[in-house]
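Colleague: Protein chains in written order, with the numbering used here: chain A, 1 to 282; chain B, 1001 to 1282; chain C, 2001 to 2282. Quick reminder that beta carbons are idealized off the backbone N, C-alpha and C, glycines included. Note that this is a predicted model, so its numbers are computed, not measured. Right, I'll just put the structure down here and ask away after.
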Amino acid sequence: MRKDEVRKMFRTIMENVQQKTPLIHCVTNYVTVNDVANMLLACGGSPIMADDISEAAEMTGICNGLVINIGTLNSRTIDSMISAGKRANALGHPVVLDPVGAGASLLRTSTVFRLLDEVKFSVIRGNISEIKTIYKGSGSTKGVDADISDAVTKENLPEAIRFANELSKRTGAVIVITGAIDIIVNGTKSFVIENGHPMMSKITGTGCMLTGVIAAYCAANPEMIWEAAACAVCAMGLCGEIAYEKVNQTGGGTSSYRMYLIDAMSKLDADSLERGKKIESR
Amino acid sequence: MRKDEVRKMFRTIMENVQQKTPLIHCVTNYVTVNDVANMLLACGGSPIMADDISEAAEMTGICNGLVINIGTLNSRTIDSMISAGKRANALGHPVVLDPVGAGASLLRTSTVFRLLDEVKFSVIRGNISEIKTIYKGSGSTKGVDADISDAVTKENLPEAIRFANELSKRTGAVIVITGAIDIIVNGTKSFVIENGHPMMSKITGTGCMLTGVIAAYCAANPEMIWEAAACAVCAMGLCGEIAYEKVNQTGGGTSSYRMYLIDAMSKLDADSLERGKKIESR
Amino acid sequence: MRKDEVRKMFRTIMENVQQKTPLIHCVTNYVTVNDVANMLLACGGSPIMADDISEAAEMTGICNGLVINIGTLNSRTIDSMISAGKRANALGHPVVLDPVGAGASLLRTSTVFRLLDEVKFSVIRGNISEIKTIYKGSGSTKGVDADISDAVTKENLPEAIRFANELSKRTGAVIVITGAIDIIVNGTKSFVIENGHPMMSKITGTGCMLTGVIAAYCAANPEMIWEAAACAVCAMGLCGEIAYEKVNQTGGGTSSYRMYLIDAMSKLDADSLERGKKIESR
């Protein structure tokens, strides 16, 4: 994909989000749920959280996209996730999976495979350890953070792209691996993104928030899932950089950083994204 | 009600909140619960969150007021809401209902009617779509936000006041409809408030937070529910304006706005409210 | 303990936290969980929240310490707390109990005693009303805040230290009572800390956040539980003071204060703690 094509495409994607205000149903964890809701609003979407089995599918029905995030998985909500996922599939709505901590417990790993069995995902976004767990069918995720030995580097990037593409073909989902280097693949084509800042890992929920933004971007651009996911990753990473500049100026700490991150998303426009994006297609 | 009467009354209401530090039991959603707790503290109240059936009524018993918010309704907590509501009724404590998303799912709509059957509410606060759903017995709420076609305008204001008063008579509750124009009615008398700022809808939880503030104001002023609810709506709207000024000065985004909103409530005094209020009684 | 010994010890404790990045499993309430996660990251730890019975013990197994916080206790999570607690005990990991609202309801009081029966705690941290409830076997906690009649003052300090030490001997846990004056006892020895600021009680979650920090400090210093707990209390109190200075300069309110509190923790170093600590050993 040529650079001017990416530029034009990103502009279209952002305009669609602004114009459509996609409604995103989130069945998500209670740790970062407020940040996800505020980030969704900041990026131009609108959040609905509902996880009871008796309304999950119905709520999906009035929305434009669905997030399934297993961050504080419990037996009560697994069925709700599946019920909402099936409805979204039936309606042709984008569904994004955030397999938080897959590999860290049997419950999480097995639930991810059950979800993959019963729901067709448009996008799966995780850190490298979580995605490797799904790829291999087992894993050794260190809690909810990526294992350091797993980090994507310039050296192992081709290998990471290869297995991500394989997983993409197997699941039919766009695979998004986030870290210092982000990879977004659709089975044959790949974006590599180097936006972002290490301080993003010093607050909880940047992954969950990004998953929400991806869902909003995809819901407003259902014909361009791979491109919309990449645009969301770029936008989030750039906001991480803008927030770092700001926290540096003001001498704030991690909580200020969290605020500046959401602030940046609420003020981001296509021109800033065009200037700030560090994306390459392969 | 004459202007100087409103002024004097608002001052009394705020003083009572400050002096009594009303303890508010909230059975509420997990999306905005932290903001509700911090807003309750900011306005001079004190929050307790407890939603297990085995302690709900007991916790209500040590408090001065109760909030029932169906934002992330689940089957486990509906009974807790009713149990807490009945106890609050028995004790004569103000009970405020926030019917988040009523009309958006059968579960929410039917639960609201079950709650109205079993609990006597002092105040019901929602957006126009939610309140219309309760008024009509069915609805088409677009998620948790008001349907645009439902917005209260100068033109349909008399009609909105009419149906709100009818609902107030039917339920015995003060009805609060919030939006660009806010309406607070008690069945015969109405306040119309034009404080607030559109940016309030760019963060999650302003409705939930307001419901908490209404509960604190009513719990400290149980003999003046209609007036206390109006004072809370005015206070919240004014804080929304103050926060907007602040965010404009600092160049912040929506997350800064959220912070400034709670900040403003924590610093609000009767003099500022007197100068800033945009209220009319009809 | 001599002053230079405390100084050296605190430095070692903080260095251990920074070097080990202790992973803390939290079975905690949904009101303050996001603040707890961000405060844990700010202090140099890493949070995992997981409360389903089918993964609670397993998650404990990959962590270095455990927090059990009964803030929004429900029947579903009590068994998870016990399961996680037993696993942590078997592994020799520090376990910290935050008995939020013990004494305010039968459910909370009885659950605390059940937890004490089945799990061995390294530290119990609460306000004076909660700790008194545990000491006496019953109580009259006013919601989740300490009863004013219970406050630790210069006058009743020796009496408070006495009963805390008795409770420490009975439970085998370091007892931390926080308030205007903080007490940390291990059955025979006591620290008294006067860091902190009244504004800490104007936001929700300072107690929960401190409990998280204590767990991180203890998990990184399992041979020095009493000292690590004291160091965490000092650090948190000092951050409360730094945040107050900051909010005073900027003219912010309580939500700014919350942000500055976490900011301060994310920037705290051993030198600042050495200069700012107000600790005495007895």
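CB-CB under 7 angstroms to residue 2039(C), same chain, minus the five flanking residues each way: which ones, in chain order?
Modeller: Answer for residue 2039(C): 2209, 2212, 2213, 2262 and 2265, listed in chain order.
Colleague: How about the region 99-113 of chain A and the region 126-134 of chain A: do they share at least three Cβ pairs that are nearer than 8 angstroms?
Modeller: In short, these stretches touch, since the Cβ pair count reaches three.
Colleague: Under three-state DSSP, which class holds residue 208(A)?
Modeller: Helix.
Colleague: Scan the region 2011-2033 of chain C for residues whose Cβ lies nearer than 8 angstroms to a Cβ of chain A and list them as they occur along the chain.
Modeller: So the close ones are 2023, 2030 and 2033.
Colleague: Cutting at 7 angstroms between CB atoms, please list the residues of its own chain near residue 2150(C), excluding the five before and the five after it.
Modeller: Hits under 7 angstroms: 2128, 2129 and 2132.
Colleague: Using beta carbons (cut-off 8 angstroms, strictly below), is residue 267(A) in contact with chain B?
Modeller: Output row for residue 267(A): interface = yes.
Colleague: Compute the Euclidean distance between the alpha carbons of residue 8(A) and residue 1247(B), then round it to the nearest angstrom.
Modeller: Roughly 31 angstroms separates the two Cα atoms.
Colleague: By DSSP, does residue 2158(C) sit in helix, in strand, or in coil?
Modeller: The answer is helix: DSSP assigns residue 2158(C) an H, G or I state.
Colleague: Tell me the residue span of the beta strand (DSSP E) that contains residue 279(A).
Modeller: Per DSSP, residue 279(A) belongs to the beta strand (DSSP E) from 279-281.
Colleague: Residues in the region 2189-2203 of chain C with C-beta within 9 angstroms of chain B's C-beta atoms, listed in sequence order?
Modeller: Against chain B - using a Cβ distance shorter than 9 angstroms - the residues of the region 2189-2203 of chain C are 2201, 2202 and 2203.
Colleague: Verify whether the separation of the beta carbon atoms of residue 1013(B) and residue 1227(B) is less than 8 angstroms.
Modeller: Closer than 8 angstroms, so yes.
Colleague: Residue 2125(C) and residue 2096(C) - do their beta-carbons sit closer together than 8 angstroms?
Modeller: A contact, by the Cβ cut-off of 8 angstroms.
Colleague: What does a CB cutoff of less than 7 angstroms around residue 2122(C) pick up in its chain, not counting 5 residues either side in sequence?
Modeller: These residues qualify, in order along the chain: 2094, 2095, 2096, 2173, 2174, 2218 and 2225.
Colleague: Roughly how many angstroms separate the alpha carbons of residue 1024(B) and residue 1065(B), rounded to a whole number?
Modeller: The alpha-carbon atoms of residue 1024(B) and residue 1065(B) are separated by roughly 5 angstroms.
Colleague: Given a threshold of 16 other Cβ atoms within 10 Å of its Cβ, counted over all protein chains shown, does residue 90(A) qualify as buried or as exposed?
Modeller: Exposed.
Colleague: For residue 54(A) and chain B, any beta-carbon pair shorter than 8 angstroms?
Modeller: It does: the Cβ of residue 54(A) has a partner Cβ on chain B nearer than 8 angstroms.
Colleague: Assuming residue 1195(B) contacts residue 1267(B) under a Cβ cut-off of 8 angstroms, what Cβ separation, rounded to an integer in Å, is found between them?
Modeller: About 16 angstroms separates the two Cβ atoms, so there is no contact after all.
Colleague: Ordered along the chain, which non-local residues of its own chain (more than five positions away) have a Cβ less than 6 angstroms from that of residue 2234(C)?
Modeller: Here the set comprises 2193, 2195, 2277 and 2279.
Colleague: Which residues in chain A have a C-beta closer than 8 angstroms to the C-beta of residue 2236(C)? List them in chain order.
Modeller: The premise fails here: residue 2236(C) is roughly 14 angstroms from chain A at the closest Cβ pair, so nothing lies under 8 angstroms.
Colleague: Evaluate the contact criterion for the region 2015-2035 of chain C versus the region 19-33 of chain A: three or more CB pairs, one atom per stretch, below 8 angstroms.
Modeller: Touching, per the Cβ criterion.
Colleague: Any beta carbon from chain C within less than 8 angstroms of residue 1073(B)'s own beta carbon?
Modeller: It does not: the Cβ of residue 1073(B) has no partner Cβ on chain C nearer than 8 angstroms.
Colleague: From the DSSP output, which residues share a beta bridge with residue 1125(B)?
Modeller: According to DSSP, which records beta bridges pairwise, residue 1125(B) is partnered with 1176(B).
Colleague: So what does DSSP say about residue 2181(C), is it helix, strand or coil?
Modeller: Looking at residue 2181(C) - three-state DSSP - the assignment turns out to be coil, as it is neither helix nor strand.
Colleague: Buried or exposed: which applies to residue 188(A), given that a residue is buried once 16 or more other Cβ atoms fall within 10 Å of its Cβ?
Modeller: Exposed, since its Cβ has fewer than 16 Cβ neighbours within 10 Å.
Colleague: Measuring straight from C-alpha to C-alpha, what distance separates residue 1001(B) and residue 1058(B)?
Modeller: In a straight line, the C-alpha of residue 1001(B) is about 39 angstroms away from that of residue 1058(B).
Colleague: Tell me which residues of the region 246-264 of chain A have at least one Cβ-Cβ distance to chain F shorter than 8 angstroms, keeping chain order.
Modeller: Checking the listed chains, one finds no chain F in this structure; the protein chains it contains are A, B and C.
Colleague: Decide if residue 251(A) is buried, meaning its Cβ has at least 16 other Cβ atoms within 10 Å, or exposed.
Modeller: The residue in question, residue 251(A), is exposed, as its Cβ has fewer than 16 Cβ neighbours within 10 Å.
Colleague: State the beta-bridge partners of residue 65(A) as determined by DSSP.
Modeller: For residue 65(A), which the question treats as bridged, DSSP gives the partners 24(A).
Colleague: Show which residues of chain C have a CB atom less than 9 angstroms away from the CB atom of residue 66(A).
Modeller: Correct list: empty, because the minimum Cβ distance to chain C is about 22 angstroms.
Colleague: Which residue marks the beginning of the alpha helix (DSSP H) containing residue 1083(B), and which one marks its end?
Modeller: Unbroken alpha helix (DSSP H) run through residue 1083(B): 1075-1091.
Colleague: To test your reading of the DSSP string, which unbroken alpha helix (DSSP H) runs of 4 or more residues are found completely within the region 1035-1065 of chain B?
Modeller: Runs of the alpha helix (DSSP H) inside the region 1035-1065 of chain B: 1056-1061.
Colleague: Please name the residue or residues paired with residue 193(A) in a DSSP beta bridge.
Modeller: BP columns for residue 193(A) point to 182(A) and 279(A).
Colleague: For residue 1269(B), which three-state DSSP category applies?
Modeller: Of the three classes helix, strand and coil, the one that applies to residue 1269(B) here is coil, per DSSP.
Colleague: Under 8 angstroms Cβ-Cβ, which residues of chain B neighbour residue 2108(C)?
Modeller: In chain order: 1055.
Colleague: Can you confirm whether residue 2050(C), when its beta carbon is compared against all beta carbons of chain A, has any partner nearer than 8 angstroms?
Modeller: Chain A contact via Cβ: present.
Colleague: Residue 2102(C) by DSSP, collapsed to three states: which one?
Modeller: If DSSP states are grouped into helix, strand and coil, residue 2102(C) belongs with the strands.
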